[in-house]
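Q: The sequence shown begins at 0 in numbering that gives the first Met the number 0 and counts up one residue at a time.
Even glycine gets a Cβ: it sits at the ideal position worked out from N, Cα and C.
Can you read through this structure? Questions will come right after.
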Amino acid sequence: MDKERAFEKARQYVNLASDIIPLHKAVLFGSYASGNPDIDSDIDVGLFVKDIDDDSYIDTLSRLQSICRQTDLSIEPHLFILGEDRSGFAAWVNSTGILIDMT
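This is how it looks when you write it as structure tokens:
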């Protein structure tokens, strides 16, 4: 799959995800964003939210994973809560990824 097709699938996924949880922003990252995907590459999508209730976190992740069937099973959603990035992974995703328009 080429980068443009992966980006379009990610955009479709983000539109569905925004019906599940209010998104601050969404980012395509990983091998498709950097331009070096291979046959086994997944489509990494970073979903940034302002806040999420601890009790609904796992349920939200499950619902976000389930909507991959509607777009592409190779989509790998990653949920990030703004201000909670002890490992620096969200910052890396944010700095290396490509912003996905949510309109």
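#1: So what does residue 74 bridge to, in DSSP terms?
#2: If you draw a straight line from the alpha carbon of residue 73 to that of residue 16, how long is it in whole angstroms?
#3: Sorted by chain position, which residues of the same chain lie with C-beta nearer than 7 angstroms to residue 2's C-beta, five sequence neighbours on each side aside?
#4: So if DSSP puts residue 27 in a beta bridge, which residue, or which two residues, is it bridged to?
#5: May I have the straight-line CA-CA distance separating residue 36 from residue 50, to the nearest angstrom?
#6: Identify the continuous alpha helix (DSSP H) that holds residue 61 and give its terminal residues.
#7: What are the residues that DSSP puts in a beta bridge with residue 80?
#8: From residue 54 to residue 60, what does the alpha carbon distance come to, in whole angstroms?
#9: Helix, strand or coil for residue 68 per DSSP?
A: So, from the data block:
#1: 42
#2: 15 angstroms
#3: 31, 34
#4: 44, 97
#5: Cα-Cα distance, rounded: 31 angstroms.
#6: Counting along the chain, the alpha helix (DSSP H) containing residue 61 begins and ends at 56-65.
#7: 48
#8: 12 angstroms
#9: helix
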